[in-house]
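S.K.:
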Amino acid sequence: MSNITQAREALVSRILEGKAEASSAQRRAAFVNAVADGPLRTLVDKVARHAHQVTDEDIAAARASGLTENEIYELVVCAAVGAAGRQLDAGLAALAAAVGEK
Amino acid sequence: MRLAILDKGHRFGTKLLFGIIRLASRHPVLDVVKLAQYRPDFYGAQAVTHEAMRGPSAWSVADRELMAAVIARTNESAWCTTAHSAVAARAYRDRAKVDAVLADLETAPIEAPLRATLRMLRMLAKTQTVDADDMRAVLAAGVSSEQVKDALSVAFAFNITARLAEAFDFAMAEPAAFDSGAKYLLARGYR
């Protein structure tokens, strides 16, 4: 069996706690898709739920709200990794329930 | 690419590397490579992706690339679907099989365990969740728990990549460029 546990933990800890332009609080909010109202919330929510709907205007609005390109890059990455992680955890929980583990 | 930094913001050494890639492959550098090489100390998902796609598993590399293509398609990422169909087609030496799965999973000429697993991955990517009944259906098709976990690892990697491809708007490349990328990924993996 492949084992991504360590690599996943390392990835998550880099993007949430590593050196970055966006604050740790902003990154965590993007990761759990709980950004306060505003252009960034729209962008992060789209990335988490239907990334193909992200438009040039969404990125332009995030930029116009004062975010740098590096901040936008970081927060989009956090949103994507967070959403994928929630799906992975949901899948693992469903599997555990199906095979009767606790 | 929607962010200029991802297109042109790389360090000098990385830009040199891109020049070498362009010369050696005779293709433009794929946007996924530009993303991976931009601040790899921050994002750098290569370790996760390599383990999921090339680590030990009862699934073949071809099966896992097909899973990646199906996950990409479900996320409506044309870029990632094209990229990983190319890898799967090359790994299976069977483009028709990959096209059949993407056209209609229910009638495609694949074994029951793979079909059941792809159904589950599609459900997960589409609705963001699956339940115990969905998993029982996969296990009942003859898939082991370890194989389910391996498939979920593939999903983790590609639910990230497909989102980034769409959010950053990767530029579609020529089929020959994807094929060249596919050869590289089969020879060297994702590291």
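Protein chains in written order, with the working numbering: chain A, -14 to 87; chain B, 5 to 195. Beta carbons: idealized from backbone N, C-alpha and C, even for Gly. Just so you know, these numbers come straight off a predicted model, no measurement behind them.
1. Within 8 Å (strictly less), CB to CB, does E178 of chain B reach chain A?
2. Using a Cβ-Cβ distance cut-off of 8 Å, determine whether Y47 of chain B contacts chain A.
3. Which residue wins for smallest C-alpha separation from R77 of chain B, given the options B:A180, B:L34, B:R167?
4. Have a look at R(-1) of chain A and T121 of chain B and give me their C-alpha separation to the nearest angstrom.
5. Please list the terminal residues of the continuous alpha helix (DSSP H) segment that includes T(-10) of chain A.
6. Below 8 Å on the Cβ atoms is my contact criterion, and I expect G(-8) of chain A with E55 of chain B to pass it. Report the Cβ-Cβ distance as a whole number of Å.
7. Looking only at its chain, what residues have a beta carbon closer than 8 Å to the beta carbon of D183 of chain B, apart from the 5 residues adjacent to it on each side?
8. Would you say V(-3) of chain A and A15 of chain A are within 8 Å of each other, going by their C-beta atoms?
9. A75 of chain A CB to nearest chain B CB: under 8 Å?
10. Shorter than 8 Å from the beta carbon of Q72 of chain A to some beta carbon of chain B?
11. Could you tell me which whole alpha helix (DSSP H) segments of length 4 or greater appear in the region 51 to 102 of chain B?
12. Assign E115 of chain B to one of three DSSP states: helix, strand, or coil.
13. For A73 of chain B, which residues from the same chain have a beta carbon less than 6 Å from its beta carbon, with the 5 sequence-adjacent residues on both sides left out?
14. For P113 of chain B, count neighbouring C-beta atoms within 10 Å of its own C-beta (all shown protein chains included) and say buried if the count is 16 or more, exposed if not.
15. I'd like to know whether the C-beta of V66 of chain A is nearer than 8 Å to at least one C-beta of chain B.
16. Which class does V147 of chain B belong to by DSSP, given the choice of helix, strand or coil?
17. Can you find a CB in chain B that lies within less than 8 Å of the CB of V17 of chain A?
18. Using beta carbons (cut-off 8 Å, strictly below), is G3 of chain A in contact with chain B?
19. Might you give, ordered along the chain, the residues of its own chain that have their beta carbon closer than 8 Å to the beta carbon of A68 of chain A, omitting 5 neighbours on each side?
M.R.: In this structure, then:
1. no
2. yes
3. B:R167
4. 31 Å
5. -10 to 2
6. The residue you asked about is not Gly; residue -8 of chain A is Ala in the sequence shown. 6 Å between Cβ atoms; contact.
7. A90, R94
8. no
9. yes
10. yes
11. 65 to 78, 82 to 96
12. coil
13. T85, H88, S89, A92
14. exposed
15. yes
16. coil
17. no
18. yes
19. N18, V32, A33, R34
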